[in-house]
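Q: Below are the C-alpha cells for one structure; questions will follow.
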Amino acid sequence: MFRLKKDICFQRGWLRRFLIIKLIVVCFLFSYAFKKPNTSKSLFKVFRDCVHPRLLPLKDKYTEFYFSFTNIVRECDILQEYQSLDVRTTPNRDEVKYVVLPRKNETLTMVTLGIGQDIKAEIKLNELYPNIEFYGSDPSSIVNKDLYENKLGGKFYKYAISGERGMKNSRVFQETRRYKEEITEHVGAEYFLKYFVKRSRIDIFWIDVEGNEFSFLDQVHNGGTIDKEGIKICQMNVEIHNALLETGEKEKEKFHDFIFKVLEDEKYIFMKPNFIDVEKYRFIRLFLVNVGDEECVKLYVKE
Ligand SMILES: *[C@@H]1O[C@H](CO)[C@@H](O)[C@H](O)[C@H]1NC(C)=O
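Residue numbering for the sequence shown follows the UniProt record's numbering, starting at 1 and increasing by one per position.
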C-alpha cells in the first residue's frame, strides 16, 4: 500500500516535470517563430505574388517576355509594402539610378562597373549620403580615372568586367562619346570584388558593362561564385543589353532565365524597370534590392 502511494507520487512528479518540459519547448518554438517578424520574407512574398503570375504566361517565350517585361513589372512598382524602402533617385547624364538609403549611419561600400565618363549620379548619391567608399572600374582610364578619383574621391581600376580573367574584346567608350571595340584586360566580377574591393557586403552596386553583364548576373544567384565567396550585394542598378556582343535571341533567353532564377532565389526583388530602344541600342535597366540577406534587410528595410 505504502509502496503504491509512493509510486503514484513518483508518477505525478514525473508527469509534472514532463508537462513543464513540454511547456518550455512550446515557448521556445513560439519565441523562435516570432523572434523577428521577417519583413523581408513578406516583402519578397508580396513582390512575388504580384510579379510571378504576370510573368508566368510568358515563360519560355523569350521575345515576348523581353518586350513585355518592363510594362508588366512596372504594374507592381506601386505595391504599398515597398514603402518600407526609402528609395531615392540619382540622375546621371542620360539616365536615372535608384538607391535605397540606409536606416542608420554606417560606412557604405559602392561599386561602379562601367563608368562611361559619367559620375553625376555618384556625386548626387554622395550628397544624399556622404559616408560612402567608392570603387570603380572601366576598361578605359581616359577621363574615368580623373572623375572617379579626383572628383569623387574613389578608387579607380582599369579593367573590363566579365566572366573570366584575360585579354578580350570589349566596347570602350571614347572621348568622342562613341564606342570602339578594343582588346582590354578582363576580370570576373567576383574576382574584382574579392581581391580589389575586399568587402563582404557591397551596399550599392551599379553595372553597365556593355553586354558583358550576363557573366556577372549568373554569379549573383544562390550558389553562384559571388554568393559562394560570401559576398552579398544589397542593391543593384543593372543595365541588361541586347544584341551587342551576341545575337539578340540568345541574350533574350539569358535575360528570361535570369529573371526566373531571381524569382526562385527569393533573395532580390526588382522594380523600376526601364526599356530603352534607341537606334540599334536596346537594353533594359532594372533596380534590384536584396531582401533575403539579414544584414542588408537590417540596414535598408524599415521594420
Ligand atoms: C556618420 O559616421 C561617420 C563616421 O563613420 C561620421 O564621419 C559622420 O559625421 C556621421 N554622420 C552623421 C550624420 O552622424
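Think of the CB as a built atom: it goes at the ideal place given N, C-alpha and C, for glycine as much as any other residue.
Less than 7 Å separating the Cβ of N242 from some heavy atom of ligand 1?
A: As a working mapping, residue 242 is identified with position 242 in the sequence shown. False, no ligand heavy atom lies under 7 Å from that Cβ.
Q: Can the beta-carbon of K124 be found less than 8 Å from the beta-carbon of T90?
A: Position 124 of the sequence shown, counting from 1, holds the residue named residue 124. Position 90 of the sequence shown, counting from 1, holds the residue named residue 90. For K124 and T90, yes; Cβs fall inside 8 Å.
Q: Which residues, in chain order, sit with a beta-carbon under 5 Å away from any heavy atom of ligand 1?
A: Residues with a Cβ closer than 5 Å to any heavy atom of ligand 1, in chain order: N105, N131.
Q: Using the C-alpha atoms, what's the distance from E266 back to V291?
A: As a first step, residue 291 is located in the sequence shown; it is residue number 291 there, counting from the start. As a first step, residue 266 is located in the sequence shown; it is residue number 266 there, counting from the start. Their Cα atoms are separated by approximately 8 Å.
Q: What is the DSSP secondary structure of K104, reduced to helix, strand or coil?
A: Here residue 104 is taken as the residue at index 104 of the sequence shown, counted from 1. K104 falls in the coil class under three-state DSSP.
Q: Reducing DSSP to helix, strand and coil, say where C234 ends up.
A: To locate residue 234, count along the sequence shown from 1; it is residue 234. Here C234 sits in strand by DSSP.
Q: Mark V301 as exposed unless 16 or more other C-beta atoms lie within 10 angstroms of its C-beta, in which case mark it buried.
A: In the sequence shown, the residue the question calls residue 301 occupies position 301. V301 comes out buried.
Q: Touch check for the region 147-164 and the region 95-109: three-plus C-beta pairs under 8 Å?
A: With a cut-off of 8 Å, the region 95-109 and the region 147-164 do not count as touching, because too few Cβ pairs lie within range.
Q: What is the DSSP secondary structure of E210, reduced to helix, strand or coil?
A: Numbered from 1 along the sequence shown, position 210 holds the residue referred to as residue 210. The answer is coil: DSSP assigns E210 none of H, G, I, E or B.
Q: Under 8 Å: do the region 128-138 and the region 148-160 share three or more Cβ pairs, one atom per stretch?
A: Judged by Cβ distances under 8 Å, the region 128-138 makes contact with the region 148-160, as three or more pairs qualify.
Q: Can you tell me where the alpha helix (DSSP H) holding residue 350 begins and where it ends?
A: Nothing can be reported for residue 350: it is not among the residues displayed for the chain, which extend from 1 to 303.
Q: If you measure from the beta carbon of S215 to each beta carbon in chain D, is any gap under 8 Å?
A: Checking the listed chains, one finds no chain D in this structure; it contains a single protein chain.
Q: Going by other Cβ atoms of all chains shown within 10 Å of its Cβ, with 16 needed for buried, is N222 buried or exposed?
A: As a position in the sequence shown, residue 222 is number 222, starting the count at 1. Exposed, by the Cβ-count rule.
Q: Count the other C-beta atoms from every protein chain shown that fall within 10 angstroms of the C-beta of E210, then say buried if there are 16 or more, exposed otherwise.
A: Along the sequence shown, one-based indexing puts residue 210 at 210. That one is buried.
Q: If you compare alpha carbons, which of Y66, E253, P57, Y191 is closest to D227?
A: The count along the sequence shown starts at 1 and reaches residue 227 at position 227. For D227, the nearest C-alpha among the options comes from Y191.
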